[in-house]
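Down below is the structure, laid out as structure tokens.
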Amino acid sequence: MVNLKDYHLDNFRKDLEALQIVLNKEQLCQFMSYYELLVEWNQVMNLTAITDFEEVCKKHFTDSLSLVKAYKINASISVIDVGTGAGFPGIPLKIAFPDIEIILLDSLHKRVDFLKTVIDNLGLKKIEALHGRAEDYAKEKNFREQFDLCVSRAVSNLSTLSEYCIPYVKIGGHFISYKSEKLSEEKKDAEYAISVLGGEIEDQISFQIPNSDINRNLLIVRKKKETSANYPRKAGLPLKKPIILR
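Convert by adding 28 to the 1-based position in the sequence shown; the result is the number in my numbering.
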């Protein structure tokens, strides 16, 4: 069991307060256990370039939880985190909102092994880590248009990311992409792809991560109609040839 006294949590608590998120002792311990596993596994595989405790809290944990600025999370929602990597934003969201149902999807088997270890060690329920490509799972009926919310902090351009993510979202649900301050051109280029995939840009929430000068944009896409069976295209094409207006 993690001893919270081993960690200086004042800054993380301030960030949580700024986001109006309240965690109990068990949840704080889960975050610290997650941090310890992240650092341990990062010694043998490339999970993150950020390992300093304060930076992980700020740039991974708080940043992941900043979703609350754009979306009201309730207990009944189903979520899929596409290209989750080391579990961001999915695992922080699951720790903070334990009643949501969430799928973590990543294409690298070793990362999925890490995620499964985190899930087991933290005792998380109603969460599953899956190995595979977004283009493939989105064709399966148990995943296609089954989620209230799809999130992604992946670094792909927005047109590509939309093709990966929008097919998972129910009509009336949302896809929210975590983007840096350099969103304007990407957003303009992606509007056509989002429309083709059955979505519509609903809003863009721009802010600084609490108690920092780090800029963050959350782009909110609402699913308006079913995604054509033509999408996503076969693995690799969304990245090589993003949907663009010709």
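For every residue, glycine included, the Cβ atom is placed at its ideal position computed from N, Cα and C.
With a beta-carbon spacing of about 19 angstroms, T188 and P117 fall beyond the 8 angstroms limit used to define contacts. Excluding residues up to 5 positions away in sequence, F125 lie with their Cβ nearer than 6 angstroms to the Cβ of I101 in the same chain. F59 is the residue among I49, A46 and F59 whose C-alpha sits nearest the C-alpha of Y35. Distance from the CA atom of D176 to the CA atom of I105, rounded to whole angstroms, is 6 angstroms. Between C178 and I108, the gap from beta carbon to beta carbon is short of 8 angstroms. The residue from S212, F235, D141 and D241 with its alpha-carbon nearest to that of I229 is S212. The beta carbon of S234 is closer than 6 angstroms to those of N245 in its chain, skipping five residues each way along the sequence. The stretch 93 to 177 is shown to contain whole beta strand (DSSP E) runs of 3 or more residues at 106 to 110, 129 to 134 and 155 to 159, in chain order. E191 places its beta carbon less than 8 angstroms from that of L225.
At the C-beta level, L56 and V84 stay beyond 8 angstroms of one another.
No residue range can be given for F89, since it is assigned to no beta strand (DSSP E) and is classified by DSSP as neither H nor E.
Sorting A46, L133 and H137 by C-alpha distance to the C-alpha of L93 places A46 at the top. Runs of the alpha helix (DSSP H) lying entirely within the stretch 184 to 220 and spanning at least 4 residues, in chain order: 186 to 193.
DSSP links V249 through a beta bridge to F203 and I229. When DSSP states are grouped into helix, strand and coil, R181 belongs to the coil group.
Taken atom to atom, the span from the alpha-carbon of S223 to that of K216 is near 12 angstroms. Here the alpha carbons of S180 and L265 stand approximately 19 angstroms from one another.
In the same chain as G160, and ignoring 5 residues on each side of it, the C-beta atoms closer than 7 angstroms to its own belong to L133 and S135, in chain order.
Boundaries of the alpha helix (DSSP H) around D43: D38 to A46. DSSP places S256 outside both helix and strand once states are collapsed to three, so it counts as coil.
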